[in-house]
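Count the sequence shown with UniProt numbering and you get residues 1 to 134, in order.
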Amino acid sequence: PCPLSQFCQPSGWQLFTERNPPTFFVAVLTDINSERHYCACFTFWEAVESVQPQSHARNGEGEEEEEEPSSPVQPAQLFAPKSLVLVSRLDHAEVFRNSLGLIYTIYVDGLSVSLENVIGNLLTCTIPITGGAQ
């Protein structure tokens, strides 16, 4: 079985030098009982701190050589992908996109609202049946 992390990033988790625009997709997974599960994935890129380990060159005798003083080099800004995933037995792609987009906006804008409360409210809302009473 494919772990969820590979599902979210099928080409692998890697750092980028540019912030990519957010992406959204829905995949339909079928379990052993032939039941469908709709997996919505919203991925965005967040700046990460660049940590470069200090390495010392070694000479042929195993002793460390002193490093030449060099001009400070600014490391490139790197961006790492983060994914928000929603799994449902219901096929409501637009609701998934809007819900994950709302969570993303609250997170990125640093709004002073509890994400736990927002997610709880989203999970307890009632979605009307298509063609049902208005």
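Idealized CB from N, CA, C, for every residue including glycine.
* With a 10 Å radius around its C-beta and 16 neighbouring C-beta atoms as the bar for buried, classify S99 as buried or exposed. => Answer is buried; the Cβ neighbour count reaches 16.
Point to revise | Cβ-based burial, residue 199 [other Cβ within 10 Å; buried from 16] | key: As displayed, the chain neither begins before 1 nor continues past 134, which places residue 199 out of reach and without an answer.
| request: Have a look at C8 and T124 and give me their C-alpha separation to the nearest angstrom. | output: Looking at the two C-alpha atoms, the distance is approximately 25 Å.
Segment contact flag, the stretch 103 to 118 with the stretch 32 to 41, C-beta cutoff 8 Å, min 3 pairs:
Segments in contact, no.
Handout entry: C-alpha gap between V28 and L15, whole angstroms
Key = Near 27 Å, if we compare the C-alpha coordinates of L15 and V28.
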